[in-house]
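Q:
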Amino acid sequence: MRTSPSDISTLFDVSIPDPSVVPRYNIAPTQNVSVILQEGNSLESNRQWRFFRWGLVPSWAKDLSISHKLINARGETISEKPSFRSAFKKRRCLVLADGFYEWEKTDSGKQPHYFTQHNESVMAFAGLWEYWENESTVFSCTIITTTANSLLDPMHDRMPVILDSEDHQQWLDPDFYEKESLQQLIKPYSADKMTSRLVNKTVNHVKNETPDCLAIIEH
DNA sequence: CCAGACGTTGTT
DNA sequence: GTCTGG
DNA sequence: CCAGACGTTGTT
DNA sequence: GTCTGG
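For the first sequence, the numbering used here assigns the number 552 to the last residue and increments by one with no breaks.
#1: Please go through the stretch 472-532 and give each complete beta strand (DSSP E) segment of 3 or more residues, from N-terminal end onward.
#2: Rounded to whole angstroms, what is the Cα-Cα separation between A420 and I341?
#3: Kindly list the residues whose CB is nearer than 7 Å to the CB of K512, restricted to its own chain and excluding five residues on each side of it in sequence; keep chain order.
#4: Who does L370 pair with in a DSSP beta bridge?
#5: Going along the chain, which unbroken runs of the alpha helix (DSSP H) with 4 or more residues stay wholly within the stretch 401-439?
#6: Who are G553's beta bridge partners in DSSP?
#7: Touch check for the stretch 400-414 and the stretch 438-454: three-plus C-beta pairs under 8 Å?
#8: Return the Cβ separation of M492 and T478 in integer angstroms, given the expectation that the two are a contact with Cβ distance under 8 Å.
#9: What three-state label does DSSP hand K534 in the structure shown?
In structure tokens form, the structure reads like this:
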């Protein structure tokens, strides 16, 4: 079951963005994703729900081409990498999704699997965001990765960092920067809370945007 | 000092 | 912007 | 992530 | 193989 905009509003204490929220089934890098961020300071929490380009564009980038390379950030090195360290200090965010795909290489091509939480509720990926101002103004984000849990491990040695709700506030607070505390949040999500299923290859084509991407296929 | 890089995943 | 290499 | 292109000159 | 576009 898809998490509704009003559920998101309640869960993350944000108002629903102005243009109506459209459900998405196949978000590719460079397209917009749902982001929760906190403006201002910890005393005046001002959370926002925005749509940012997936693929970070640091402020110093000459053009948007770097965005393709910065769709993920390794949690292990995030505080050192020139592309990520300033955002790690003050521009952390949550990237929302009901689930994510991983591809398995098979004889019959790339087989997508769809991963969700057991309870199907929305996932909050640990992310970073940036602001780029040139010919245009671009808000962008990246998703932090860590080692795979036992569910993902057979397909892939990495997975996105998923944050528990009790950790959201600390992650989002731009005034909070205790490297050790933040780094402790960057760990694999419990496999016990997750499940996966085979879905059809519709999702392999970026232009396919329908709920058919989630259609289950038999083993 | 200036110039150039700034990244991850997965595969070999 | 900031760091590294030369 | 996957799919698809991977090129130039010159003409419309 | 590697880059670009989505």
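Where a beta carbon is used, it is the ideal one built from N, C-alpha and C, also for glycine.
Since the model is a prediction, treat every value here as computed from it, not as a measurement.
A: Let me spell this out:
#1: The stretch 472-532 contains these whole beta strand (DSSP E) runs: 491-493, 527-531.
#2: 24 Å
#3: S412
#4: Q381
#5: 418-423
#6: With the chain represented from 334 up to 552, any question about residue 553 goes unanswered, as that position is not in the structure.
#7: Here the stretch 400-414 makes no contact with the stretch 438-454; the two share fewer than three CB pairs at distances below 8 Å.
#8: 7 Å
#9: Note: K534 maps to helix in three-state DSSP.
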